[in-house]
Amino acid sequence: MKCKFLGSFFLLFSLSGKGADCRDNETIWGVLGHGVTLNIPNFQMTDDIDEVRWVRRGTLVAEFKRKKPPFLISETYEVLANGSLKIKKPMMRNDSDTYNVMVYDTNGMTRLEKDLDVRILERVSKPVIHWECPNTTLTCAVLQGTDFELKLYQGETLLNSLPQKNMSYQWTNLSAPFKCEAINAVSKESKTEVVNCPEKGLSLYVTVGVGAGGLLLVLLVALFIFCICKRRKRNRRRKDEELEIKASRTSTVERGPKPHSTPAAAAQNPVALQAPPPPGHHLQTPGHRPLPPSHRTREHQQKKRPPPSGTQIHQQKGPPLPRPRVQPKPPCGSGDGVSLPPPN
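Read in order, the letters of the sequence shown are residues -22 to -1, 1 to 322 in mature numbering (1 follows the signal peptide of the UniProt record, and there is no 0).
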């Protein structure tokens, strides 16, 4: 009996020891592009703690030992006074890993042993809200972030919650503003919008007004273009007329100036201003009969004979010259065909 009792006691002790050795993993979240500090959960540094060891994938990366300088595998790590491990480099996505921490007392006994899972997340960006009034649809979207949850509120009421980058909702009323919230383990962002949509009747009036305004604008532009074209055509016609006038003036100058008759000459010789008679036509002066040939011959000779000037009279010397005898004029009843003898 005593042996059975002792065997059962040792069995229970061993089972309790194995159960105490079981440990749960703790998750520590890090921000992409920033350093991270691994704090030991449920631990406080006391005087009886002698050593703290940090191991990654079976390799000792840092060690704290009382009365000795700390051991660091590289300058990337640092052991703080409370035993925490600080990773100073900017964390990348592939830096997510598991770290094991072990704490020993001055007697060499294990006081604590934990596995810490380090997970690197990207911070979420500010959500974007846009809506469509004809479809009464609102959309909430987030452009950046990892492992986040998207939540949509109207007032204080949660409408929907989804672990995705965008979410749509069809509203039934606009009694309260909408709020879109994106949250993950390392960040939280939100945005609130008041949705205003015009009623259908108003939108119809607006559409008609916009159409009428556009038509009026098109008409004004067409009228403006017509006026410009008309003005250009008028200017072109005026330029053509000026060119024709200049060309006619140039041709007149090249031909030369025509002699101008003075008013005195025109008054002395009115016959010269009249047009020449056609061939075979005899010019007659109205109211006078033509003179007989003898009279015409005499008049012609008298016209040809220049009158004596005073200079010629003074130049003559000696006795005066005899004057020619004047023949008596024939009577008017004589025939027109009778010619007079020429004077001696």
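Beta carbons: idealized from backbone N, C-alpha and C, even for Gly.
It should be emphasised that the depicted structure is a prediction, and the values quoted were computed from it without experimental measurement.
- Residue 51 is not a Cβ neighbour of residue 73, given a cutoff of 9 Å.
- In this structure, residue 156 lies near residue 116, with their beta-carbon atoms less than 9 Å apart.
- Under DSSP, residue 39 takes part in no beta bridge, so it has no partner.
- A straight-line Cα-Cα distance of about 17 Å links residue 139 and residue 103.
- For residue 78, the enclosing beta strand (DSSP E) begins and ends at 75 to 83.
- Following the DSSP letters along the chain, one finds residue 158 inside the beta strand (DSSP E) bounded by residues 156 to 161.
- Check the Cα spacing between residue 71 and each of 203, 86, 101: the tightest is with 101.
- Note on residue 31: 16 or more other CB atoms within 10 angstroms of its CB, so buried under the neighbour-count rule.
- Under the Cβ criterion (8 Å, minimum of three pairs), the stretch 155 to 169 counts as touching the stretch 3 to 15.
- The beta-carbon distance between residue 81 and residue 21, rounded to whole angstroms, is 7 Å. This is short enough to meet the 8 Å contact definition.
- DSSP lists 5, 76 as the beta-bridge partner residues of residue 95.
- In summary, residue 159 is buried, with 16 or more beta-carbon neighbours lying within 10 Å of its beta-carbon over all protein chains present.
- Checking the DSSP bridge columns, you'll see residue 54 has no partner listed.
- At a Cβ-Cβ threshold of 9 Å, residue 55 and residue 46 do not count as neighbours.
- Counting only residues of its own chain and dropping the five nearest sequence neighbours on each side, residue 17 has a CB closer than 6 Å to the CB of 62.
- Judged by pairs of C-beta atoms under 8 Å, the stretch 105 to 123 touches the stretch 142 to 157, as three or more such pairs exist.
- Distance from the Cα of residue 172 is smallest, within the candidate group 223, 153, 185, for 153.
- A straight-line Cα-Cα distance of about 27 Å links residue 188 and residue 107.
- Residue 126 carries a coil assignment under DSSP once its states are collapsed to helix, strand and coil.
- Between residue 147 and residue 53, the alpha-carbon positions lie close to 51 Å from each other.
- In the DSSP assignment, the residues bridged to residue 132 are 135, 156.
- Remark: C-beta atoms of residue 10 and residue 124 approach each other more closely than 9 Å.
- Residue 32: member of the beta strand (DSSP E) spanning 27 to 34, first to last residue.
- Beta-bridge pairing by DSSP links residue 169 to 158.
- Taking residue 26 as reference, the option from 83, 33, 68 with the minimal CA-CA separation is 83.
- In the structure shown, residue 231 adopts helical secondary structure according to DSSP, grouped into three states.
- Taken through DSSP and simplified to helix, strand or coil, residue 64 comes out as strand.
- Listed as beta-bridge partners of residue 49 by DSSP are 41.
- Beyond the five residues adjoining it in sequence on each side, residue 114 comes within less than 7 Å, by CB distance, of 148, 149 in the same chain, given in chain order.
- Following the DSSP letters along the chain, one finds residue 107 inside the beta strand (DSSP E) bounded by residues 106 to 110.
- Burial check for residue 112: the Cβ neighbour count within 10 Å stays below 16, so the residue is exposed.
- In the three-state scheme derived from DSSP, where H, G and I count as helix and E and B as strand, residue 185 is classed as helix.
- By the CB criterion at 9 Å, residue 49 and residue 59 fall outside the cutoff.
- Within the same chain, Cβ atoms closer than 6 Å to the Cβ of residue 133 are found at 154, the five residues on either side in sequence being excluded.
- Secondary structure note for residue 119: its beta strand (DSSP E) is the uninterrupted segment 115 to 119.
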